[in-house]
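For the sequence shown, position 73 matches number 95 in this note's numbering, and the numbering has no gaps at all. For reference, the structure discussed in these notes is given below.
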Amino acid sequence: MLVPPKSVLVAKGKDGTPRVLPLNQTAQKVFRVLLGDATTGEWLFTNRKDEPIEAIKQGFAAACARGGIENLRSYDLRHTFATRLLEHGVHHYVISALLGHSPQ
23 MLVPPKSVLV
33 AKGKDGTPRV
43 LPLNQTAQKV
53 FRVLLGDATT
63 GEWLFTNRKD
73 EPIEAIKQGF
83 AAACARGGIE
93 NLRSYDLRHT
103 FATRLLEHGV
113 HHYVISALLG
123 HSPQ
């Protein structure tokens, strides 16, 4: 579910709590397209049977294989995201929040 205009609500995160994630302009455009194609079901990302995608790691690995990309894990994207933010001077507290780490 989009939380207007620049974020998405994850109803149940890995730790069981809801999270609001900011979206950059590219991601906003992708979500607008996806929402335009979405059925009335509960899930935005579904398989061919309109069931929620559960196997993210397997799907990511399959996409990498189709693209000829070796030795890349979905977690590497998370690490790259954090690294790029640091390189651009984003404060580590902001990065921590964006990654969904709990406040200490």
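Beta carbons: idealized from backbone N, C-alpha and C, even for Gly. None of these values were measured; they are calculated from a predicted model.
Margin query: For residue 30, report the span of its beta strand (DSSP E) as first-last.
Written below: 29–32
Item checked: Check whether residue 44 and residue 28 have beta carbons under 8 Å apart -> yes
Next item on the list: Using the Cα positions of residue 106 and residue 117, report the straight-line distance between them to the nearest angstrom.
Entry: 10 Å
Note to self: Which residue marks the beginning of the beta strand (DSSP E) containing residue 42, and which one marks its end?
What the structure shows: 41–44
Margin query: Suppose the cutoff is 8 Å on Cβ atoms and the five residues either side in sequence are ignored; what does the same chain contact list for residue 42 look like?
Written below: 25, 29, 30, 31, 32
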